[in-house]
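Okay, so here's the structure we're looking at.
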Amino acid sequence: MEIGQKLREARQRRGLTQEELAERLRLSRQTISNWENERSYPDIMSLIALSDLYGLSLDELVKEDRHMIDHLRESTDTVRQRQKLSRLMLLAVYLAVWALCLLSFWVTRWLGGSVDAMGYSLLVLYLILPAATLVLSVWVGRDRAYAETRWLMLLFFGAMYMLAPYATFSLANTLLSGNRHWPELTAMLPGILCAAAGMGIGVLLRRRAERRGGAGE
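Residue numbers for the sequence shown follow the working numbering, so the first one is 997 and each next one is one higher.
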């Protein structure tokens, strides 16, 4: 039996019209009609919602329908690729912001200008970099894919925060005096704390969204 027929029969057993089902799932009636007439297929989240509503397992819904199984496999792969791409893009944006902050420091020096140490520190180390860290770490906290590797991300943010002043002020002093200075590990702490706060916010937002989703069912 094809999935469209299974969905239609399951809906009818529950005594629901297409309009009523669409309202429960927060979809259009046309979407429900398309599923039942196999003009389109439900995504995995819609299948889970239908499975819960009809009291059927996912295996019962998709079993023996090769087209549906192929659709799920392709859609799952597509979602994973998009998620991976979005993670890479956000990380690239963070690294670009970090690099631009350092570049502005050195371009100013190469052009013969003097860098206002206090102004640069306030703008970059206490505003731009913490803001970028907070935004990205909130996203990391909301993403379940980082559940087991968040501690690595904490170290990453800490390292980037430590390297920012080292690759600017410390390196400039080394070039002038010839005295080599190594990064101070304690400089990682502000970045780690900022990232931890952002991840905590992200986790809370994810749990709040999950509770709302559960309540909506």
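Don't be surprised by glycine CBs; every beta carbon is placed ideally from N, CA and C.
With a cut-off of 8 Å on the beta carbons, I'd call residue i and residue j a contact; round off their distance for me.
| i | j | result |
| --- | --- | --- |
| W1135 | G1198 | 6 Å |
| L1049 | R1020 | 7 Å |
Using the Cα positions of residue i and residue j, report the straight-line distance between them to the nearest angstrom.
| i | j | result |
| --- | --- | --- |
| L1150 | M1085 | 19 Å |
| L1052 | Y1142 | 31 Å |
| G1154 | I1188 | 5 Å |
| S1082 | V1131 | 14 Å |
| L1054 | Y1037 | 14 Å |
| G1011 | W1031 | 18 Å |
| L1023 | E1005 | 19 Å |
| L1172 | Y1116 | 19 Å |
| P1186 | R1138 | 21 Å |
| A1191 | S1047 | 38 Å |
| D1039 | A1045 | 10 Å |
Are residue i and residue j closer than 9 Å when you measure CB to CB?
| i | j | result |
| --- | --- | --- |
| Y1090 | T1145 | no |
| N1163 | V1120 | For the sequence presented, residue 1163 should be read as Ala rather than Asn. Cβ distance not < 9 Å, so A1163 and V1120 don't count as in contact. |
| M1158 | A1193 | no |
| I1028 | R1007 | yes |
| M1041 | W1094 | no |
Need the endpoints of the alpha helix (DSSP H) that residue i sits in, please.
| i | result |
| --- | --- |
| Y1037 | That residue, Y1037, is in no alpha helix (DSSP H); it is neither H nor E in DSSP. |
| R1007 | I999 to R1009 |
| S1173 | L1167 to S1173 |
| L1115 | At residue 1115 the sequence reads Gly, which differs from the Leu that was named. G1115 -> alpha helix (DSSP H) spans A1113 to Y1116. |
| R1020 | Q1014 to L1021 |
| L1054 | L1054 to V1058 |
Curious, which full-length beta strand (DSSP E) runs of at least 3 residues does the stretch 1120-1183 contain? none
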